[in-house]
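Heads up, the sequence shown is in the working numbering, so the first residue is 223 and it goes up one at a time.
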Amino acid sequence: MVQLFISSFVTLFVVIDPPGCVPIFSSLTAGTTPRHRFDMAIRSSLIAAGVLIAFALGGEAFLSALGITLPAFKIAGGLMVFVIAIDMVFEKRTQRRENRAEGVKSAADAAGKPLEQEDISVFPMAIPMLAGPGSIASVMLLSARTGGDVAEEAVVLGALVAVLVLTLLCLLAAGPIMKLMGAKFEGALTRLLGVVLAALAAQFVIDGIKQSFGL
């Protein structure tokens, strides 16, 4: 159980990437009131939690309805997570997130509204920055590995909640974290986590191939 929790926590932490979300959240809420930043952080985390928990609990039934086997999803999900890992190593993911954040700010400026009036909790913070394709695929893969065991499913959900709580704390403390964490440190951390995620993605693919061919 401890090994499952650690594996799930590390996987979800790397995919959701709380430290990487801090600069984006800080940029999107720059110039707004502390109350607005607090509301956006809480709302973003709650919406992301709802989406990810729903896929963790109902993802297998959804796949079955589409006629997709779990081994096939593990292989596809592993490949998708591997692509995310490659992007993290070369910092393309951070650049895309920053471009998305700039797009939201530009849209607010074009509409003639102050950014403070813009609700960024659903898009882009909750979806796709926190509950994006990578995190959805990862939580479904981790849930599938439990084989329907209630206790192991609870461990995976516990790891998910722990990561989301940590993400919420990072968003709430975005200002101090941005002062403490320089751009170089953030880049080094992103690359390191990308390497770890690549190894986890490879393991997902290996598990899927083993189950597909009965190895």
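The beta-carbon is built from N, C-alpha and C at its ideal position, and this holds for glycine as well.
Return the CA-CA distance between residue i and residue j, expressed in angstroms with no decimal places.
i	j	result
Phe260	Leu226	32 Å
Leu391	Gly242	13 Å
Glu338	Ile246	Bear in mind that the predicted position of Glu338 carries a pLDDT of just 47, short of 50, making it too unreliable to give a figure here.
Lys296	Gly409	29 Å
Val344	Ile269	7 Å
Gly280	Ala287	11 Å
Thr412	Ala271	23 Å
Gly253	Leu301	39 Å
If we call anything under 8 Å between Cβ atoms a contact, is residue i one with residue j?
i	j	result
Val385	Ile238	yes
Ile342	Met262	yes
Ser248	Met347	no
Gly299	Met362	yes
Ala376	Ser230	no
Ala359	Val303	yes
Pro293	Gln433	yes
Leu422	Met310	no
Ala395	Ala307	no
Under the assumption that residue i contacts residue j (Cβ atoms under 8 Å), give the Cβ distance between them as a whole number of angstroms.
i	j	result
Ala278	Val378	7 Å
Ser365	Glu282	7 Å
Val305	Val418	Not confirmed; about 15 Å, so no contact.
Val427	Ile349	About 26 Å separates the two Cβ atoms, so there is no contact after all.
Are there 16 or more other CB atoms within 10 angstroms of the CB of residue i, so buried, or fewer, so exposed?
i	result
Val244	buried
Thr368	buried
Ala373	exposed
Gly430	buried
Thr255	exposed
Leu437	exposed
Leu250	buried
Ile228	exposed
Thr291	exposed
Phe284	exposed
Leu393	buried
Counting only beta-carbon atoms, is residue i nearer than 8 Å to chain C?
i	result
Ser249	The structure shown has no chain C; it contains just one protein chain.
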